[in-house]
Ligand code: TRP
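Numbering (my numbering), first residue to last: 112 to 445.
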């Protein structure tokens with residue numbers, strides 16, 4: 112443990128099957144952070160119980176998400192890569208923080224309202240206090256930076272409120288956690304259908320997964336929307352064409368990108384060729400990751416070792432925090 116480094120913590124939902132948007136939006140940031148910060152990356156298996164009470168696929172999903180993150184470059188020897196349910200301390204901190212969270216503010220949370228609408232038959236208290244559990248994850252390591260996407264901004268704001276209330280009432284135990292990303296790397300990965308970003312819930316054929324096989328990658332890329340090409344030199348690009356260039360920027364070489372930019376500006380671009388090139392570059396990018404994921408998944412012992420080692424590192428930091436918290440609250444009887 113390097114005491115001079117600042118602390119980073121983030122949670123990854125075990126929904127399995129990461130896509131290119133997750134890679135460029137999140138994992139690449141994690142991989143960069145692991146050398147500069149003391150990092151705790153956790154698979155949020157407890158959070159998933161708020162929406163997925165059926166746990167038949169939980170273990171396989173947890174394994175997949177671990178394997179995918181490792182295959183993308185997260186090094187379990189550098190970071191604490193662990194599973195939320197392995198730290199009992201999380202439950203204890205969650206309990207204390209629940210006393211500082213008000214029903215009204217929890218009910219106003221956008222994700223709570225969305226999920227309550229989606230599962231009207233199971234609006235459980237865990238769903239309501241989801242942001243409190245997330246705060247416990249973060250504060251358990253007294254983390255300062257939390258690399259998350261825009262969709263988590265409200266949860267982080269709530270985390271800051273709970274943190275400030277704790278510090279106010281019981282003394283300054285925690286730093287105020289803030290969202291953190293290397294701003295330049297927060298690239299948007301556009302969907303292949305010309306609209307919005309790649310996402311799990313939208314059109315599956317417009318999203319490239321790290322698990323897609325080569326043929327499927329080619330098929331998806333070749334289906335991307337194009338037109339008959341520009342008719343005037345140096346015209347602005349329609350959004351769906353701009354998106355193909357954006358994707359090319361992520362995986363193709365500078366020469367290739369320049370060739371197609373020039374072709375576009377000179378009105379002799381052939382989109383069929385461009386998509387073929389993009390498809391091959393995507394295959395070159397994705398297939399080694401996919402193969403690595405598959406080989407890691409073959410080795411359950413290794414994954415168990417990673418989780419065990421991660422939990423051990425995380426527990427060391429959690430134990431210190433819990434001790435500070437108990438003292439601050441006044442639960443130190445002996
Ligand atoms: N709620 C986060 C998500 O949906 C996952 C998460 C759980 C998390 N605990 C966390 C993120 C702690 C950051 C910090 O993606």
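Glycine included, each C-beta is placed from N, C-alpha and C at the ideal position.
Note that the structure is a prediction, hence the values are computed from the model and not measured.
Where residue i falls, given that 16 or more other Cβ within 10 Å makes a residue buried
i, result
"residue 378", "exposed"
"residue 421", "buried"
"residue 302", "buried"
"residue 191", "buried"
"residue 159", "buried"
"residue 258", "buried"
"residue 179", "buried"
"residue 291", "buried"
"residue 371", "buried"
"residue 289", "exposed"
"residue 323", "buried"
"residue 246", "buried"
Bridge partner(s) assigned by DSSP for residue i
i, result
"residue 346", "Its beta-bridge partners do not exist; DSSP assigns none."
"residue 121", "152"
"residue 193", "153"
"residue 130", "320"
"residue 256", "119 and 289"
"residue 308", "301"
Which listed residue (the options) has its alpha carbon closest to that of residue i
i, options, result
"residue 132", "199, 186 and 260", "260"
"residue 207", "152, 169 and 280", "280"
"residue 424", "116, 149 and 142", "149"
"residue 224", "209, 371, 238 and 187", "238"
"residue 211", "188, 359, 240 and 325", "240"
"residue 187", "399, 165, 419 and 289", "419"
"residue 314", "334, 393, 299 and 325", "334"
"residue 326", "311, 390, 385 and 255", "390"
"residue 267", "182, 122 and 416", "122"
"residue 255", "116, 165 and 170", "116"
"residue 275", "407, 287 and 264", "287"
"residue 364", "338, 341, 345 and 392", "392"
"residue 339", "328, 351 and 370", "351"
"residue 184", "433, 374 and 404", "404"
"residue 386", "251, 332, 161 and 194", "332"
"residue 395", "437, 362, 162 and 118", "362"
"residue 411", "164, 142 and 171", "171"
"residue 417", "189, 142 and 127", "189"
"residue 252", "429, 438 and 359", "429"
"residue 139", "444, 341 and 300", "300"
"residue 165", "151, 142, 233 and 209", "233"
Beta carbon of residue i nearer than 7 Å to that of residue j
i, j, result
"residue 221", "residue 249", "no"
"residue 90", "residue 321", "Nothing about residue 90 can be reported from this structure: the residues present for the chain run from 112 to 445 only."
"residue 173", "residue 125", "yes"
"residue 442", "residue 284", "no"
"residue 169", "residue 205", "no"
"residue 200", "residue 433", "yes"
"residue 309", "residue 163", "no"
"residue 119", "residue 144", "yes"
"residue 298", "residue 135", "yes"
Expected contact under 8 Å - CB spacing of residue i and residue j to nearest Å
i, j, result
"residue 304", "residue 336", "6 Å"
"residue 182", "residue 400", "5 Å"
"residue 195", "residue 156", "5 Å"
"residue 356", "residue 348", "7 Å"
"residue 426", "residue 198", "6 Å"
Residue i CB to nearest heavy atom of ligand 2 below 6 Å
i, result
"residue 310", "You won't find ligand 2 in this model; what it holds is ligand 1."
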